[in-house]
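When the letters of the sequence shown are read in order and numbered with the UniProt record's numbering, they come out as residues 1 to 309. Below is one structure, written out as structure tokens; the observations come after it.
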Amino acid sequence: MFSFPPLLEGDTSTHNWYQDLLDHSDCKGDTARVQEAYESHRAMGYSKSVSMYSSSVKSHAADCRFPRPDKALIRHLERQWNPSGSNNPDVSSQHVNCAVIWARPTRTVLDVLQQIQARAAEYWGTDFYPIPLAHLHLSTLELSHKHPVAHLRAVLDKIGAERLRQITELPGSSGDKRYPCLVRPRIIFDGVAVAVGFVPHAADSWSYHHLRADMQRIAIASGVNINTCYTAATAHVTIGRFVGGADALIERIGREGMVQGWLDLVRTINAELDQEDVMWEVGKEKGLEVQAGYVKFGREREVAEQLGC
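And the structure:
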């Protein structure tokens with residue numbers, strides 16, 4: 001199975017990692033190999049998470065216990081609940097903001113995500129924070145990572161409104177560039193979050209990854225330096241994050257029971273998803289969008305910097 005190493009957070013660059021994957025001698029733009037790259041990355045992450053949770057059963061170290069509360073999310077929610085609080089800094093000037101291109105789930109996909117989200121919430125109870133449906137998104141391309149908003153505005157200005165329009169309107173554009181499809185949803189998770197990961201459709205001549213490569217090509221043609229948190233062969237929507245350590249669940253069924261129950265639920269849902277024919281035509285119902293600011297936990301489409309058709 002073809003795999004391709006992710007690009008870790010680092011210096012700014014005008015390099016097109018997405019195109020590098022397509023140009024690799026074991027891929028050569030073949031959409032079946034593209035799908036393999038996403039499948040292998042997802043499988044590797046899933047296997048690591050299962051091992052991490054399983055190993056935590058016998059660990060006494062606090063940093064090896066899972067799930068873990070997402071402290072950044074807790075602070076974010078506290079700011080929302082008490083916007084005038086004395087411990088409520090203006091995050092726009094902090095190095096926590098990002099400029100990104102998002103895609104929104106279609107109605108059919110949103111229904112699937114909502115059902116999975118509800119089952120995860122039923123298992124974890126109040127220790128699990130379901131991301132509001134209006135905030136669910138797929139991060140398709142990151143343009144600038146961890147900067148004050150003023151820096152993000154400068155990056156977007158350098159790319160320019162016309163190039164951003166071209167980027168957001170790539171899906172469904174003329175020629176053979178139709179709406180790229182994502183298929184085969186499966187639950188993935190780590191120590192602080194739960195997501196649903198998809199892979200590009202192997203039957204597409206112009207896949208979701210080709211879309212990402214073309215978007216990056218347009219952006220760097222402006223001369224802007226791109227810096228990202230983590231660039232990988234992944235297409236996932238985060239559906240929830242942990243705000244507690246599952247203490248009540250552990251007290252009731254034990255840590256081993258908690259871990260085993262969660263892994264069993266994930267396997268059950270993934271087996272059910274394997275029997276469904278879920279297809280997400282990216283950008284078809286709602287165009288892509290440019291978002292800038294503290295977007296780590298999602299936000300509404302209506303506050304986007306720019307919307308594609």
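Glycine is no exception: its CB is placed at the ideal position from the N, C-alpha and C atoms.
Alpha-carbon to alpha-carbon, Ala219 and Trp102:
15 Å
Euclidean distance between Cα positions of Gln115 and Asp190
Cα-Cα distance, rounded: 20 Å.
Can you find the residues in the same chain that come closer than 8 Å, C-beta to C-beta, to Lys284, ignoring five residues on each side of it along the sequence?
Thr106, Pro171, Gly172, Tyr179
Rounded to whole angstroms, what is the Cα-Cα separation between Cys181 and Ser49?
26 Å
Exposed or buried, which one is Thr228 when buried takes at least 16 other CB atoms within 10 Å?
buried
Rank Leu113, His15, Ser13, Leu21 by C-alpha distance to the C-alpha of Ser2 and give the top, closest one.
The sequence shown places Phe at residue 2, rather than the Ser named in the question. Of the candidates Leu113, His15, Ser13, Leu21, the one whose C-alpha sits nearest the C-alpha of Phe2 is Leu21.
Residue of Cys309, Ile187, Arg252, His201 minimising C-alpha distance to Met279:
Of the listed residues, the one whose Cα sits closest to Met279 is His201.
Cβ neighbour criterion (16 or more within 10 Å) applied to Glu272
exposed
At what residues does the alpha helix (DSSP H) containing Thr238 begin and finish?
That residue, Thr238, is in no alpha helix (DSSP H); its beta strand (DSSP E) goes 235-242.
With DSSP as the reference, label Trp280 as helix, strand or coil.
strand
Going straight from the alpha carbon of Ile74 to that of Lys296, what length do you get?
12 Å
Would you tell me roughly how many angstroms separate the C-alpha atoms of His41 and Gln35, rounded to the nearest one?
Whole-angstrom Cα-Cα distance: 10 Å.
Assign Lys146 to one of three DSSP states: helix, strand, or coil.
strand
Burial state of Val303, where buried means 16 or more other Cβ atoms lie within 10 Å
Exposed.
From Tyr230 to Gly45, what does the alpha carbon distance come to, in whole angstroms?
14 Å
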